[in-house]
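Asks: Under our numbering, the first residue of the sequence shown is numbered -14, with each subsequent residue one higher.
Note that the Cβ used here is the ideal one computed from N, Cα and C, for glycine as well.
Pasting a structure below so you can have a look.
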Amino acid sequence: MKYSVWSKILGDYSIPETAKMIKEAGYDGVEWRIHSENHVSLEEVEDKADYLREISSSYGLEIVNLGSYIQARETKNFEKLCKAAKKAGTKNIRVWAPFYDGLNSYSKLLKETRSPIKDIEALAKEYDVKAVFEIHHGTIICSASLAKSLLDGFDPKYVGAIYDPGNMINEGMEN
């Protein structure tokens, strides 16, 4: 088993400082947060992907994931992340399932989300990467069983889930 750290928790530090602290703490990898508030924004991810790879590698860290905040319907942004992932030397790209507020039917949200995952899967196959949907409280996949219902039938080589028991405990139920 390998252990990694999500870079958001060290968001006040530079990319090299973050990598250094993660390695010194004994971790094997890093999930770089792709967000305008931290290390790399979505707009600059392609340009900084080589830099992320170089810094991570210099500290002996594997980039386990590009932790994006894009939704499944954002196929143009997913393709941008695919290109960045190839440069960065990682296979995994986090994609978000929609949040569930009870205003729309769960079945409708599930159906609306599964449709663009077909396009995500095709892009993942083209770039030989994997779209991973995080099991997260407040979303339509707040449990392993709901993640399975969303991802059932897609090729697990290209579409999968981030199993996050902490998030599952946070919600503790399926609405």
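Answer with buried or exposed for Leu88, where buried requires no fewer than 16 other C-beta atoms within 10 angstroms of its C-beta.
Replies: Here residue 88 corresponds to residue number 103 of the sequence shown, with the count starting at 1. Classification of Leu88: exposed, given that the 10 Å Cβ count is below 16.
Asks: Do the CB positions of Asn77 and Leu37 come within less than 9 Å of each other?
Replies: The count along the sequence shown starts at 1 and reaches residue 77 at position 92. The count along the sequence shown starts at 1 and reaches residue 37 at position 52. No.
Asks: Flag this pair as yes or no: are the beta carbons of Phe118 and Ala73 separated by less than 9 Å?
Replies: Indexing the sequence shown from 1 puts residue 118 at position 133. Indexing the sequence shown from 1 puts residue 73 at position 88. Their beta carbons are not under 9 Å apart, which means Phe118 does not touch Ala73 by this criterion.
Asks: Please name the residue in Tyr112, Leu27, Thr124, Asp149 whose C-alpha comes closest to that of Tyr91.
Replies: Sequence index remark: in the sequence shown, residue 91 carries index 106 (1-based). Ranking the options by Cα distance to Tyr91, first place goes to Thr124.
Asks: Taking C-beta to C-beta, are Ile48 and Thr75 nearer than 9 Å?
Replies: For the purposes of this step, residue 48 is identified with residue 63 of the sequence shown, where counting begins at 1. For the purposes of this step, residue 75 is identified with residue 90 of the sequence shown, where counting begins at 1. Against a cut-off of 9 Å, the Cβ pair of Thr75 and Ile48 comes out as a contact.
Asks: Give every residue of the same chain whose Cβ lies closer than 8 Å to the Cβ of Lys115, excluding the five residues on either side of it in the sequence, and list them in chain order.
Replies: The residue labelled residue 115 in the question sits at position 130 within the sequence shown. Counting only Cβ-Cβ distances below 8 Å, and skipping sequence neighbours, we find Lys76, Asn77, Ile78, Ala109, Lys142, Tyr143, Val144, Gly145.
Asks: Could you check the C-alpha separation between Trp17 and Lys93 for me, to the nearest Å?
Replies: Counted from its first residue, the sequence shown places residue 17 at position 32. Counted from its first residue, the sequence shown places residue 93 at position 108. Approximately 32 Å, taken between the alpha carbons.
Asks: Could you check how far apart the C-beta atoms of Ile0 and His24 are, in whole angstroms? I think they sit under 8 Å.
Replies: For this step, residue 0 is matched to residue 15 along the sequence shown. For this step, residue 24 is matched to residue 39 along the sequence shown. So it is a contact: roughly 5 Å between Cβ atoms.
Asks: Hey, would you say Ile105 sits closer than 9 Å to Thr60, going by beta carbons?
Replies: The residue you call residue 105 lines up with position 120 of the sequence shown. The residue you call residue 60 lines up with position 75 of the sequence shown. Against a cut-off of 9 Å, the Cβ pair of Thr60 and Ile105 comes out as a contact.
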